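Engineer:
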Amino acid sequence: MPSKSSLLVLVTLVAHSLGGAISVPASTSTPVVENSSCSTTPRTLSNFSDSQLPDPFTFGNGSKVVTADDWACRRNEIVAFIQQYESGFLPPKPPQLSGSLTGTTLSVTAGGVSGGNASSITWNSSITFPNGTAPANGWPLLIGLDGGSIPVPSGIAVLSFNVDNMAQQDSTASRGKGLFFDLYGASANASAMIAWTWGVSRMIDVLETIPVTTSKLDLSKIAVTGCSRDGKGALTAGAFEPRIALTIAQESGSGGAACWRLSLFEQEQGSVVQTATEIVQENVWFGPAFDNYVNDLNVLPFDHHLLAALIAPRALIAFDNTDFVWLSPVSNFGCMSAARTVFQALNVEDNFGFIQAGGHAHCAFPATQVPQLDAFFSKFLQDQSSANTTDVFTTNGVWNGVSFNPSDWITWTTPSLS
């Protein structure tokens, strides 16, 4: 296999703006990136080919990530790659955005953009507040895609977000349907999951305009969760929305915590798992451009270990269920092993967790995993710094006879970034 550094030719560059978290207008087909001191970031790479997992610590031009500031720029590059090749483009905050919190109902209205049949869209989400008096800083908030399916400790508010309302996901015929596409147009190249992420961000925007004395919410302590397809969405939202402090991805499978290359390898070893070529024929979780790459995964300058790595140094815990082979157990384990190296490089390994087990129904949360889940809630949403999240990385090794050696796929040396 040729070296990455000899292959990478930058094709298209997108400039960063100097202010705000979002840097491009919604009407363009340019990836949204986060503000940093980086001057440019590539959208695509010409002649890239890698049958292994791409190195998190090598830029598109072949230079190495050696500092934490370098990682911030590499992160921007990965954000642009994922939008260009897989997810479609995430629009920024629209010019018109308003909303209110009345009782337990959050209402959001967005408008002021061209492209769709609607001049504005409105959606409501319900929030379940804990009993008792809120802390001075407000309650931590968990955003559950379709409500979520995990046990939530006391003292945390839960917002239930109807993602189907924002972007439908019944089949491939759902492309371009939902409130997001009413606003931006049915031909917008955003995937359903990017549309959901946009909705999550807009709800946070509105909540930020409401005084804590009214909202009773601590917006520095936000988590997101979902299971199965919603687990894929939770991982995407956590990766793209930097205001999310904790991401909890439950049984997300291929297109979530699994890597495309590893799922294909797993299938080639005789395991019946979901691969990229199959998933794009099932639903609209990914943008239409991704169809062009599912038969040649080696040209992707990323895989989902890098999607998960976008969350670092914020917190992430992923859960996998080996009783359901189609979730790709080998791919989940290998992909999250690779993502973990970025947390290790940033000296925040305790901010990362992965638990792979069986013995329960899909999206049912086993009691044996509650202590680890509670530890992540306690540490990252409830300011309990003594909560133990060290070495939360376990597997039952039930891989359906597939032999897997991580060193065959994780070929880089993990640096220490400061």
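Note that the numbering used here has the sequence shown beginning at 424, numbered continuously upward. We put the beta carbon where it would ideally sit given N, CA and C, even for glycine. These figures come from a predicted structure and were not determined experimentally.
When DSSP builds the beta bridges, which residues end up paired with F775?
Structural biologist: F775 is bridged to L739.
Engineer: Could you check which residue in T551, F584, S614 has the C-alpha nearest to that of A712?
Structural biologist: Taking only the C-alpha atoms, the option nearest A712 is S614.
Engineer: So, for S801: in the same chain, excluding its five sequence neighbours on each side, which residues have a beta-carbon less than 6 Å away from its beta-carbon?
Structural biologist: The residues are Q807, A810.
Engineer: Considering only C-alpha positions, which residue in the set G539, V531, N612, S537 is nearest to I633?
Structural biologist: I633 has its Cα closest to that of V531, out of G539, V531, N612, S537.
Engineer: Since I579 and P563 should fall inside the 8 Å C-beta cutoff, what is the C-beta to C-beta distance between them, to a whole number of angstroms?
Structural biologist: About 5 Å separates the two Cβ atoms, so the contact holds.
Engineer: If you run the structure through DSSP and keep just helix, strand and coil, what is W562?
Structural biologist: Of the three classes helix, strand and coil, the one that applies to W562 here is strand, per DSSP.
Engineer: Using only alpha-carbon positions, find the residue among V722, V696, G776, P724 that is nearest to T745.
Structural biologist: Residue V696 is the option with its Cα nearest to T745.
Engineer: State the CB to CB distance for the pair H785 and F747, rounded to an integer number of angstroms; the pair is presumed to be in contact (CB under 8 Å).
Structural biologist: Contact holds; Cβ gap of about 5 Å.
Engineer: Where do the ends of the alpha helix (DSSP H) carrying D628 lie?
Structural biologist: Unbroken alpha helix (DSSP H) run through D628: 615–631.
Engineer: Can you tell me the Cβ-Cβ gap for I667 and A660, rounded? I've got them flagged as a contact below 8 Å.
Structural biologist: Confirmed, about 7 Å.
Engineer: Comparing alpha-carbon positions, which option in I627, P558, G555 lies nearest L529?
Structural biologist: The option with the nearest alpha carbon to L529 is I627.
Engineer: Distance check for T637 and S469, CA to CA, integer angstroms please.
Structural biologist: For S469 and T637, the distance between alpha carbons rounds to 51 Å.
Engineer: Between the stretch 697–717 and the stretch 503–519, do at least 3 Cβ pairs fall closer than 8 Å?
Structural biologist: Yes, since at least three Cβ pairs between the stretch 697–717 and the stretch 503–519 fall closer than 8 Å, the two stretches touch.
Engineer: Can you look up K516 in the DSSP assignment and give me helix, strand or coil?
Structural biologist: In this structure, K516 counts as coil in the three-state DSSP scheme.
Engineer: Could you pull the start and end residues of the alpha helix (DSSP H) that W832 belongs to?
Structural biologist: Per DSSP, W832 belongs to no alpha helix (DSSP H) and is neither H nor E.
Engineer: Per DSSP, what kind of secondary structure is A580 in: helix, strand or coil?
Structural biologist: Reduced to three states, the DSSP call for A580 is strand.
Engineer: Let me confirm a value: V647 is counted as buried when at least 16 other C-beta atoms fall within 10 Å, else exposed. Which label applies?
Structural biologist: So V647 ends up on the buried side.
Engineer: Where L739 and F803 are concerned, what is the direct C-alpha to C-alpha distance, given to the nearest angstrom?
Structural biologist: Answer to the nearest angstrom: the Cα atoms are 10 Å apart.
Engineer: Within 10 angstroms of its Cβ, does D473 collect 16 or more other Cβ (buried), or is it exposed?
Structural biologist: Looking at its Cβ environment, which holds 16 or more other Cβ atoms inside 10 Å, D473 is buried.
Engineer: Answer with buried or exposed for P752, where buried requires no fewer than 16 other C-beta atoms within 10 angstroms of its C-beta.
Structural biologist: P752 is buried by the Cβ-count criterion.
Engineer: Exposed or buried, which one is Q575 when buried takes at least 16 other CB atoms within 10 Å?
Structural biologist: Note on residue identity: the sequence assigns Val, not Gln, to residue 575. Result: buried.
Engineer: Which residues does DSSP list as the beta-bridge partners of S767?
Structural biologist: One detail in the question is off: residue 767 reads as Gln in this sequence, not Ser. Bridge partners of Q767: none, in fact.
Engineer: Taking just the CA atoms, how far does K655 sit from L520?
Structural biologist: Taking the straight line joining both Cα atoms gives about 27 Å.
Engineer: Kindly indicate which three-state DSSP category A668 falls into: helix, strand or coil?
Structural biologist: The answer is coil: DSSP assigns A668 none of H, G, I, E or B.
Engineer: Alpha carbons only, please: which of F482, T764, D492 is nearest the one belonging to I836?
Structural biologist: For the record, residue 836 in the displayed sequence is Thr; it is not Ile. It is T764 whose Cα lies nearest to the Cα of T836.
Engineer: On the criterion of 16 or more Cβ atoms from any shown chain inside 10 Å, does N774 qualify as buried, or is it exposed?
Structural biologist: The residue in question, N774, is buried, as its Cβ has 16 or more Cβ neighbours within 10 Å.
Engineer: Of the choices S675, S610, V581, whose alpha-carbon is the least far from that of F756?
Structural biologist: Here the closest residue by C-alpha is S675.
Engineer: Please classify D473: does DSSP put it in a helix, a strand, or coil?
Structural biologist: The answer is coil: DSSP assigns D473 none of H, G, I, E or B.
Engineer: Return the residue from the list A541, A681, G622 that minimises the CA-CA distance to S583.
Structural biologist: With distances taken between Cα atoms, S583 lies closest to G622.
Engineer: Can you tell me which of G693, T698, P479 puts its alpha carbon nearest to the alpha carbon of W683?
Structural biologist: For the residues G693, T698, P479, the minimum Cα distance to W683 belongs to T698.
Engineer: What span of residues does the alpha helix (DSSP H) with K802 cover, start to end?
Structural biologist: Looking at the DSSP string, the run of the alpha helix (DSSP H) that includes K802 is 793–804.
Engineer: CA-CA distance, I778 and G820?
Structural biologist: C-alpha separation (whole angstroms): 11 Å.
Engineer: Measuring only the C-alpha atoms, how far is V793 from S542?
Structural biologist: Those two C-alpha atoms are separated by around 45 Å.
Engineer: When the Cα atoms are used, what is the spatial distance from N540 to G567?
Structural biologist: C-alpha separation (whole angstroms): 29 Å.
Engineer: Work out the CA separation of S826 and F603 for me, nearest whole Å.
Structural biologist: Each residue's alpha carbon lies about 43 Å from the other.
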